[in-house]
Ligand SMILES: [Zn+2]
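Residue numbers (the working numbering): 10 to 93.
(1) Run through DSSP, which three-state label would residue 63 get?
(2) Is the Cβ-Cβ distance between residue 37 and residue 54 less than 8 Å?
(3) Measuring from the CB of residue 28, is there a heavy atom of ligand 1 at a distance below 7 Å?
(4) Decide if residue 45 is buried, meaning its Cβ has at least 16 other Cβ atoms within 10 Å, or exposed.
(5) So the candidates are 39, 40, 26 and 22; which of them puts its Cα closest to the Cα of residue 32?
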């Protein structure tokens with residue numbers, strides 16, 4: 010009856026035992042502050058399961074002339090400058 014769920018919080022961190030540092034591998038939601046989930050299919054993106062905020066990592070590499078997309082991706086830091 011009780012579903013067995015493995016503890017996965019340790020997968021959020023990467024521990025460097027040589028230098029004694031802990032690196033957080035996930036991102037926090039800019040809207041609500043929760044830990045976001047990373048999905049690779051169909052497009053790589055960060056998604057917040059709490060409020061639904063989504064950050065797309067890459068913007069359609071097939072079409073270089075991509076117009077402004079959804080309003081939720083206004084904070085795209087990964088805008089790549091066009092090389093001429
Ligand atoms: Zn959120």
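Don't be surprised by glycine CBs; every beta carbon is placed ideally from N, CA and C.
Source: prediction; values computed, not measured.
Based on what the coordinates show:
(1) strand
(2) Against a cut-off of 8 Å, the Cβ pair of residue 54 and residue 37 comes out as no contact.
(3) Using a cutoff of 7 Å, the CB of residue 28 does not count as near ligand 1, since none of the ligand's heavy atoms is closer than that.
(4) buried
(5) 22
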